[in-house]
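Participant:
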Amino acid sequence: MSLKSKIHSENLPKHIAIIMDGNGRWAKEKGFLRVFGHENGTKSVKTTVESCAELGIENLTLYAFSTENWNRPKLEVKTLMQLLISSLKKEMNTLQKNSIRLNAIGNLEHLPARVRKELLHVIDETKNNTRMTLTLALSYGSRDELVNATKQICDKVKNNIISVENIDETLINQHLYTQNLPDVDLLIRTSGEKRISNFLLWQIAYAELYFTDVYWPDFTNENLYEAIINYQKRERRFGKTSEQLH
Ligand code: FPP
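Taking the numbering used here, I'd label the letters of the sequence shown as residues 348 to 593.
#1: Out of TYR578, ASN387 and ASP502, which has the shortest C-alpha to C-alpha gap to LEU430?
#2: Would you list, in sequence order, the uninterrupted beta strand (DSSP E) runs of no fewer than 3 residues that lie entirely inside the stretch 505-571?
#3: So the beta strand (DSSP E) SER434 belongs to, where does it begin and stop?
#4: Does the count of Cβ pairs from the stretch 498-509 and the stretch 517-529 closer than 8 Å reach three?
#5: Considering THR482, what are the terminal residues of the beta strand (DSSP E) in which it resides?
#6: Identify whether THR588 lies in helix, strand or coil by the three-state DSSP scheme.
#7: In or out: ASP560 buried (at least 16 other Cβ within 10 Å) or exposed?
#8: Within its chain, find whatever has a CB closer than 7 Å to the CB of SER589; leave out the 5 residues flanking it on each side and keep chain order.
#9: Checking 7 Å against the spacing of the C-beta atoms, do MET428 and VAL462 come in under that value?
#10: Relative to the ligand FPP, what is the chain-ordered list of residues with a Cβ closer than 5 Å to any of its non-hydrogen atoms?
#11: Is the separation between the beta-carbon of THR395 and that of LEU571 shorter than 7 Å?
#12: Return helix, strand or coil for PHE379, following the three-state DSSP convention.
#13: Does the Cβ of MET367 have 16 or more other Cβ atoms within 10 Å, making it buried, or fewer, making it exposed?
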């Protein structure tokens, strides 16, 4: 029995988020420069995006570049930005063919103009696609997102648009970069590290966490299926007791 056929289509996570980690170690262990790992990481991005769309996952969010990643060596940052541009250009057809809508979260103002231009172009071209929303977290940090939301809300209070009593979870949600996305159901991190690294802290409140030792460039469809099968075996209680659920 293939792994894929063990997935129950009625209990799919609505939102999968992935911390794509291990590109650098993958390359280093093979005696290559770190950037070679990122290059190979783009292949896993493509297969994962296509597999998620095929399975019927409605939302996939990938941590492609964090606010902290700006501190990496200049060459690495430059290569990552170039890879983004080339992947966006190359994969526009894949997105259209699979009816995938591209979305981006993060401090996009910080991105080089060339990246922003290509990104906004693909977002616009794919805006009517309905099968899956692919969100790239770029120059993204969850604390930055929460600071940004807090400032916007304070501004509205100051200008009497809302009152303090109006502040609730829904309102905070509406001021996050992820305002149109559902909460994360399944968070996957590759490479053996077991950290969240400032990714979607608010949105993963009730997510199931899945860690695999596989480095991101080696992450295959089978690894994705394993993660989903593992997710489907878990009982999600959202604070309730097991008896209340059954
Ligand atoms: C983490 O590995 C990975 C990144 C910081 C970048 C992820 C980028 C890609 C997969 C390629 C471009 C993305 C898209 C969406 C086209 P690491 O460098 O931290 O690995 P290490 O922990 O082994 O050093």
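Note that the Cβ used here is the ideal one computed from N, Cα and C, for glycine as well.
Quick caveat, the model's predicted, so the values are computed rather than measured.
Facilitator: Let me spell this out:
#1: ASN387
#2: 533-536 and 555-558
#3: Run containing SER434: none in the beta strand (DSSP E); it sits in the alpha helix (DSSP H), 421-444.
#4: Contact between the stretch 498-509 and the stretch 517-529 is established, with three or more Cβ pairs separated by less than 8 Å.
#5: 479-487
#6: coil
#7: exposed
#8: GLU582
#9: yes
#10: MET367, ASP368, GLY369, ASN370, GLY371, ARG372, HIS385, GLY388, THR389, VAL392, ALA411, LEU430 and SER434
#11: yes
#12: coil
#13: buried
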